[in-house]
Structure formats: structure tokens, C-alpha cells
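For reference, the structure is listed below as C-alpha cells.
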Amino acid sequence: MAFFIDSFLSAMRLILGADPELMEIVGLSLRVSLASTLLAGGLGVPLGFLIGFNQFRGKRVVITLLNTLLALPTVVIGLMVYTVIARRGVLGMLNLLYTPNAIIIGQVILILPVITALTIAALSRIDDRYRRTALTLGADHLQTALAVLREARFGIVAAAVAAFGRVISEIGISMMLGGNARGFTRTMTTAMALEYDKGEFVLAVGLGIVLLTISLGMNTLLNYFQGRYAE
Amino acid sequence: MSLYDVRGLKKNYNGRTVLDLPALTIDAGGMVALLGPNGAGKTTLLHILAFLLRPSSGQLMFQDQPVAFNSTQLHRLRRQAVLVEQHPILFSTTVAKNVAFGLKLRGLARREIARRVDESLEMVGMRAFAGADGSHLSGGETQRVAIARAVACRPQVILMDEPTSNVDMENRSVIEAIMREIRDAGKSAIIFCTHDLTQAARLTQTRLHLSDGRLNGADYENTFPTSVYREDNQIWGCLGHQLRVRMPSDAPAAGRVAIDPRRIKVAALQSDLVKPESCPGRVFQMVADGDEVRLMVDVGVPLTIILSSQAYQDLNPRIGDLVSVLCPPDALTML
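Protein chains in written order, with the numbering used here: chain A, 16 to 246; chain B, 58 to 392.
In C-alpha cells:
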């Protein structure tokens, strides 16, 4: 028990003292996760909208595929992206491997199905009368889509928050594509794994506290938006 | 120039024809009531007239121009025919922004939008709610804002799907007054559907009757399911618990029968005109309808009887009076 309390108190001192290494790791994690969430959102929301808003042959198959991709393991994504961006891969000349950009690519692949599927789910809960009302008031296809999107905004923000929570806490992609290089690609989760291997628990516990606090914040936001959405 | 011209229009769902209109012309201006029971095809027709639903076959002309339902420019046509749904929905923003929605789509100047929003909300008595959240209004208030939203766009026609079916009596009279005001202003025609015959009679003389997706003459107002039985070598139909009518000999065992409200015989209970097959009923509503009087009599089912002014004066009925009702065979049509 004394070991746990000592580690916890030392970790709190690191956090409150704004330890430079801890801050750097947290900063990188937030930057990478935010970038991947924004990119996946920019792709996933329109894609989800295209699938959810339109009727086409094979729509159910596409949704089933998307839902399957929700369970894609991070190590599989890491492996797939590795084969593409490794020196011998198709995009090897871009020198992306073991850079933050490589992590972002992997994380975008991880959460693109999450945002797309949750956008489709959010749209499916929007009353069809919104679409008809926009149409009868003279909206064209795009204006109608935007009017419906506006009604689904809380559900879509909730999708983005859930996706951010997914990437900030993942380790497989960050480890395999980032390489856990100190000061360059070390994220909260890869740093925690490394500190654990070294038997150094203070920084790991400190990062764990920060990660949990971010998760708490994300879940509070998610709850808020889901609550607004359900109204 | 006619507003709508329908030729051979059909709408099918899952192989079932829900609307079948060989020909129909609706003139511009004024107010038209679409009458019929639930499932008659009223809403389907309104959605087609609002260019929201593509007919399965046939042609729809709007202002003498054929409507191309596959056109990417259909939204331009929709701006001339705005639908107010039976349960309208407001966007999750303020009442004023809801009313301004269609005006922004039409690219009106900000000042003109503000003026029309004000004017339309004033018309429906909702100006005080301009800043209110649309999702916090009652059913009647929502209906009024939805009408203001349509009126503000100044379309050629406003299509209303049972505009008063879900509101209280106070809002019902307010909405009817608004509809009269729109009609009198003459800027937009109104086509509304209802199954309230007296409301239709109060609001307009132009009434179309739909039944099973087909247009009927204005005579088929009393439509009821009936079961048929044989007694004393006669075929009888039973409507409700009380009213029995003599059916044609080829009547099916069960079906629906329409009774022409102008051919129903009504007499005072003590009158010599009362026959054995007559049925007593209580007068519960009377509405003046042009030169005629629409008498609603409870005979186990609500029966509409249309009397000429002279017949009404001769009978001189009062609300609550018991009268004798007789539906002669020539008043019946099997549907």
C-alpha cells in the first residue's frame, strides 16, 4: 500500500510541477489524437452522411462492413500500415514510419469506421419530417442535407468525442508506427508501457492520472452531447 | 390557367394501388378541401401535389406545365407549393429562424426576411414567440408557426394535411380563421385535407371526396362498413348497432356502403312518413352549407343528411331532437 501511495504522491508532484517530459508526452498525445480525430471527422461525417442520407443498393452490406471494422484490432492496423509505409512499402519513399504522421494515419484508419457508423446511427434517429420540411420549403439536395445535419449535430459531436477517446487511449498503432522515440513519437500509452517495463512507476502513474482525467473529461462531454441529442 | 391538372395518375405501394386518379383539375386561387376517411389517399395526394412524392404513373401538370419528378431543379417548383404536415416539425432553433428558413433559401434580403417573418407571425398570432425555442411550443402553437413558415414564402399554393386534427378547440378556430385570412388575401391558394365534413363545409364550397384512392362524387359522404343478412325475403345491411338499410339483391355478404346524404329521408318521429324500416336518431349538429343545411344525426353511427332550406324549415329540427331516418335503396352505393 505504501508503494502505491508513494508512487501516487510522486506522480501528483510531477503533474502539479508540470514536469517537462510529462508535459511533452501529453502534448504530443493530444496533438496526434486531435489531428487524427479531425481528419477522420472530415472524412467520416460526410461519408456517414452519404451512406445514411441516401438509399442505394447494398446499403445494408456497407453498414454491416462498417460495423465489422469497429472491432478492427489496433495491431492489425499497425501491421497493415507498416507494410505500406515501411522503407520497402509502396509509400516507403515518404519516410513516414516512426513519425507522428504515421501514428495519425493508423489512428485515422482506426476511428474512421467509428465516426462513419456513429454518424449513420445519429442520422437514422433524425425524424424524416426534417428532410421533408426542408424540401417543401424549397431546399435543394445539399441545403436539405445541411438542414438534417444540423439536427444531428449533437449525435455527430458525440461520435467525434467517442473517437477521440478511442485514439488517445490506444497503444498498438502508436507503438508499431511511432516507435516510441523519446521526445518525438512517445505518447502517453507507449510511455506508460515503457516505464512499466523499466520498473519506473512514477511517470507511468502520472501519465495514467492524466489519461484518466482526459477520459473523464471526454466522457462528461459525451454524456452532455448524448443527453442533448436524446432531448 | 389551372393550378393542377392530373391525368391518369397512380401511386402504388408494394403492388397495391393507393391512389388512382384518371383526371382531376384544381383551379388556381381559393380553397379546396380534400375529404375522405383514413387511408383514402389524401396525404399521398397532398405529397404528390407538393412534389415530394413521385407518382408511379400518369402525369401531373402544374400551372399548365408538366412536372418532371426526376428533375434536379424540382426544388424550384417546390417553392411554389409548400406543404404543412399533419404533425409539423420545427427545426431546433427559434421560431423566427424557422419562419425565415424558406426565405433564406429564396435569397431574400435580410430586411425583407425580417419584415415577412414579422408579418407572418403576426398573422398567426405568434409574434410574441419569435425568440422562443421552436421545440418548446405546444401542438397548436407549432401548427400555427408551421403555417406562418409556409405563408412567409408566399407560394402559389399551401397544402395542409389535416391542419386541425391534433389541436384543441381554441387553436382549431384560430387556425380556421388563419386559413380564411390566407384565402381572402388571395396570395396563395389552399388545398387542405380533412375528414371533418363540417369543417370543410365551414371553410369552402369546393370539396373533393376521396375513397380508397379514388375520387368520388360529393354525394358519398356517409361511408360505413356493413354486414349483410337476409330477413323476410329481403337483403338488409346493418350499419352500427341501430341503422339497418335495405340492400340491393346482389349485395356482397360484407363490405362498405356509401349513403347519399341528399337522398336520406328524415322526418319528425310522430310523422306519417315514418316507415317500419325507419330508424330513430338524435340531431347533434347543424351547419349551414351555402343554400343547404348539413344535419348530423346519431343513429348509432354519425350520419350526415343534407337538407334544402325548404326541407330544413319544414322539419325545423333542434339540437337534441329525436328524428326518424330512412335510407332508401336508391341512396346506397356498395363500394
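Think of the CB as a built atom: it goes at the ideal place given N, C-alpha and C, for glycine as much as any other residue.
Original post:
Is there a Cβ from chain A that is less than 9 Å from the Cβ of Cys210/B?
Top reply: yes
What are the complete beta strand (DSSP E) segments, minimum 3 residues, inside the segment 73-118 of chain B?
-> 73-84 and 88-92
Open item on the list: What ranges does the beta strand (DSSP E) occupy inside the segment 206-239 of chain B, keeping only unbroken runs of at least 3 residues that lie completely in it?
Closed with: 214-218
query: Between which two residues does the beta strand (DSSP E) containing Asn69/B stretch?
result: Ser59 to Tyr70
Q) Considering only residues of the same chain and omitting the five flanking positions on each side of Asp276/B, which have a CB-CB separation below 6 Å? A) For Asp276/B, the predicted structure reports a pLDDT of 49, less than 50, and the residue's modelled location is therefore unreliable. A value from the coordinates is still provided. If we look at Asp276/B and ignore the five residues flanking it on each side, its Cβ neighbours are Asp317.
| message | Distance check for Asn116/A and Tyr97/A, CA to CA, integer angstroms please. | response | 12 Å
Nonlocal neighbours in the same chain, by C-beta distance under 7 Å from Val154/A, ignoring five residues either side = Checking the sequence, you will find Ala at residue 154/A rather than Val. Same-chain partners within the cutoff: Ala162.
Q.
Give me the subset of the segment 129-143 of chain A whose CB atoms are less than 7 Å from a CB atom of chain B, sorted by chain position.
A. Asp142
**CB of Phe158/B within 9 Å of CB of Arg135/B, strictly** = no
Helix, strand or coil: how does DSSP classify Tyr211/A here? helix
Restricting to Cα atoms, I'd like to know which of Ala80/B, Gly182/B, Thr74/B and Thr251/B is closest to Asp62/B.
Ala80/B
- Item | Candidates Val141/B, Thr221/B and Ala242/B: closest to Leu256/A by CA position | This structure does not reach residue 256/A, given that chain A is present from 16 up to 246, and the question cannot be answered.
Check your understanding: Got a sec: which bits of the segment 107-141 of chain B sit with their beta carbon under 7 Å from any beta carbon on chain A, in order along the chain?
Key -> Under the 7 Å Cβ criterion, the segment 107-141 of chain B contributes Ala107, Leu109, His132, Arg135, Arg136, Val139 and Leu140.
Quick one: give me the first and last residue of the beta strand (DSSP E) that Ile247/B is part of.
In the DSSP annotation of this structure, the continuous segment of the beta strand (DSSP E) that includes Ile247/B starts and ends at Ala246 to Thr251.
**Prompt:** Which residues share a DSSP beta bridge with Thr283/B?
**Reply:** Gly312/B
Please report the residue range of the alpha helix (DSSP H) in which Ala177/A lies.
-> Arg168 to Ile183
Whose C-beta lies closer than 7 Å to the C-beta of Gly67/A among residues of the same chain, with five residues either side of it excluded? Thr134, Ile135, Leu138 and Ser139
How about Thr361/B and Arg313/B: do their beta carbons lie closer than 9 Å?
no
Count Cβ pairs between the segment 160-174 of chain A and the segment 29-47 of chain A that sit closer than 8 Å; are there 3 or more? no
query = If the cut is a Cβ gap below 9 Å, which residues of chain A does Phe148/B touch?
reply = Tyr145, Thr148, Ala149, Ala162, Arg165 and Glu166
inquiry  = Whole angstroms are fine: how far does the CA of Lys67/B sit from the CA of Val156/B?
reply    = 34 Å
Output, in sequence order along the chain, the residues in the segment 155-174 of chain B whose CB is closer than 8 Å to any CB in chain A.
Phe158, Gly159, Leu162 and Arg163
- [ ] Could you tell me which residues DSSP pairs with His132/B in its beta bridges?
- [x] Its beta-bridge partners do not exist; DSSP assigns none.
- So does the segment 215-227 of chain A actually touch the segment 24-40 of chain A, counting three or more Cβ pairs closer than 8 Å? yes
>> For a test of the three-state rule: what should DSSP assign to Leu227/A, helix, strand or coil?
In response: helix
inquiry  = Spatial neighbours of Gly121/A within its chain, please: C-beta separation below 7 Å, excluding the five flanking residues on both sides.
reply    = For Gly121/A, where only same-chain residues beyond five positions count, the Cβ hits under 7 Å are Ile92, Gly93, Val96, Ile188 and Leu192.
Fill in: Integer Cβ distance of Lys322/B from Pro374/B, believed to fall under 8 Å
The Cβ separation is near 14 Å, so there is no contact.
| said: Less than 9 Å between the beta carbons of Leu162/B and Gln158/A, yes or no? | reply: yes
With a CB to CB cut of under 7 Å and the five nearest residues on each side skipped, what residues in its chain are close to Tyr145/A? Take Tyr145/A, set aside five residues on each side of it, and the residues of its chain with a beta-carbon closer than 7 Å to its own are Ala162, Val163 and Glu166, in chain order.
For chain A, check one thing: does any of its Cβ atoms lie closer than 9 Å to the Cβ of Gly320/B?
In the sequence as presented, Gly is not what sits at residue 320/B; that position holds Arg. It does not: the Cβ of Arg320/B has no partner Cβ on chain A nearer than 9 Å.
For this session: Under 7 Å between beta-carbons, which chain B residues line up against Asp155/A? List them in chain order, please.
Result: The answer, in chain order, is His132.
- prompt: Would you report the Cα separation of Thr261/B and Ala234/B, rounded to the nearest angstrom?
  reply: 12 Å
_How far does the beta strand (DSSP E) with Ser381/B in it extend, from its first residue to its last?_
Leu379 to Leu383
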